[in-house]
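Numbering-wise (our numbering), the sequence shown opens with residue 6 and increments by one. Glycine residues also receive a C-beta, built at the ideal position from the N, C-alpha and C atoms. Each remark here refers to the structure printed beneath this line.
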Amino acid sequence: SINTLLSGVKNPGVVLSMFLRRSTKYAARVNLESGETFLVFSLMDLWILKETLLDRQYELVSLPLQDGWTIVDIGAALGDYAVWAAKQTPHGRVVAVEPYPPSVSLLRSNVDKNHVYNVEIFAGAIAASSGITSLKVETGSIVQNSTAVGQKSGQVVEVKTASLDDLFAKYAIKKCDYLKMDCEGGEYEIIFTASEQSLASIDRICMEVHDGITRHNREDMIKFLEKSGYQTRLTLNPVHADLAYLYAEKTSLKKENA
Numbered sequence: 006s007i008n009t010l011l012s013g014v015k016n017p018g019v020v021l022s023m024f025l026r027r028s029t030k031y032a033a034r035v036n037l038e039s040g041e042t043f044l045v046f047s048l049m050d051l052w053i054l055k056e057t058l059l060d061r062q063y064e065l066v067s068l069p070l071q072d073g074w075t076i077v078d079i080g081a082a083l084g085d086y087a088v089w090a091a092k093q094t095p096h097g098r099v100v101a102v103e104p105y106p107p108s109v110s111l112l113r114s115n116v117d118k119n120h121v122y123n124v125e126i127f128a129g130a131i132a133a134s135s136g137i138t139s140l141k142v143e144t145g146s147i148v149q150n151s152t153a154v155g156q157k158s159g160q161v162v163e164v165k166t167a168s169l170d171d172l173f174a175k176y177a178i179k180k181c182d183y184l185k186m187d188c189e190g191g192e193y194e195i196i197f198t199a200s201e202q203s204l205a206s207i208d209r210i211c212m213e214v215h216d217g218i219t220r221h222n223r224e225d226m227i228k229f230l231e232k233s234g235y236q237t238r239l240t241l242n243p244v245h246a247d248l249a250y251l252y253a254e255k256t257s258l259k260k261e262n263a
């Protein structure tokens, strides 16, 4: 709620001002009570900060991160999750992936402002193969952009792509302890085209699944992941019926911890 946001920041006047203006040409600085500082441009940016850092939404629908983990954040946007994850795992590693150039700049700024040194940034999109693709940009938003086929939007920019296999090779990721994904429908192409080797190296996945953007839906994702050796848990979005959080964990992990 708005009360959570207001009580979670040291400078609530900035929040109130953003609610009145909805967005701003210049970045506003938000200082959280927990110590993090973020530059934001819109009400949507603020709401994402609330969900990730104040509500700890990803942790609620999956599990707490463990120090020493390797975490991959696909759809890093303004850096909310990457910064939070880096602080949760000071001896771990975070690879943050973001294709949209203005978002990459904001991501770099927010990582620097929070003095987290275990975040590496890949400025590009994850897709079926490495190369170049068209990114559909949601007008007026720095965080809601997609490479998914079927996504309608007003602006298109060309961005670099890498397959999940190539990303893991580039950053020498032999084991991904936790893969977080929020890529506006792009999750289907990324997961469905990943090699068996890449999937085998991922212990846990937590993603936003989007229905209605591509020809696939959350049930397709659940079936695919369960066939690939994961146990899944779906958490519905109470406001948006086409959105849900899907958490998947390797079945073998349950056996190891039994």
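Any alpha helix (DSSP H) of 4 or more consecutive residues that is wholly inside the stretch 72 to 142 = 85 to 93, 106 to 118
task = Could you tell me the distance, in whole angstroms, from the CA atom of Tyr250 to the CA atom of Gln62?
result = 9 Å
message = Can you look up Val244 in the DSSP assignment and give me helix, strand or coil?
response = coil
message = Taking the straight line between their C-alpha atoms, what separation do you get for Thr9 and Glu213?
response = 22 Å
task = Please determine, among Gly73, Trp74, Asp72, Glu56, the residue with the shortest C-alpha to C-alpha distance to Val66.
result = Glu56
key: Nearest residue (CA-CA) to His96, options Asp50, Asp60, Asp72, Ile196   = Asp72
query = Less than 6 Å between the CB of Asn242 and some heavy atom of the ligand FMN, yes or no?
reply = No copy of the ligand FMN occurs in the structure displayed, which carries no ligand at all.
Residues that Tyr252 bridges to, as DSSP identifies them = Cys211, Arg238
key: Cβ neighbours of Tyr235 in the same chain (closer than 8 Å, five flanking residues each side left out)   = Ile210, Ala253, Glu254, Lys255, Thr256
task = Taking all protein chains shown into account, decide if Pro104 is buried (16 or more other Cβ within 10 angstroms of its Cβ) or exposed.
result = buried
inquiry  = If I measure Cβ to Cβ from Ser203 and keep anything under 7 Å in the same chain, skipping five residues before and after, which residues do I get?
reply    = Leu169, Asp170, Phe173
task = Return the chain-ordered list of same chain residues with a C-beta closer than 6 Å to the C-beta of Leu184, the five sequence neighbours on each side being excluded.
result = Val77, Ile207, Ile210
ask   = From Pro107 to Glu163, what distance separates their C-alpha atoms?
value = 13 Å
task = Classify Ser28 as helix, strand or coil using the three-state DSSP reduction.
result = strand
message = For Val100, count the other beta carbons within 10 Å of its own beta carbon; 16 or more makes it buried, fewer makes it exposed. Which is it?
response = buried
inquiry  = For Glu194, count the other beta carbons within 10 Å of its own beta carbon; 16 or more makes it buried, fewer makes it exposed. Which is it?
reply    = buried
query = According to the neighbour-count rule (16 or more other Cβ atoms, all chains shown, within 10 Å of its Cβ), is Ile178 buried or exposed?
reply = buried
ask   = Does the Cβ-Cβ distance between Gly2 and Asn115 come in under 7 Å?
value = Given that the chain is displayed from residue 6 to residue 263, the structure contains no residue 2 and the question cannot be resolved.
Which residues DSSP lists as bridging Ser47, in chain order = Ser28
query = What number of angstroms, rounded off, separates the C-alpha of Val20 from the C-alpha of Glu64?
reply = 24 Å
ask   = Between the beta-carbon of Ile131 and the beta-carbon of Val109, is there less than 7 Å?
value = no
task = List the whole-angstrom C-beta distance separating Leu58 from Glu41, where the pair is believed to meet the contact cut-off of C-beta under 8 Å.
result = 6 Å
message = Which of the three DSSP states is assigned to Lys179 in this structure?
response = coil
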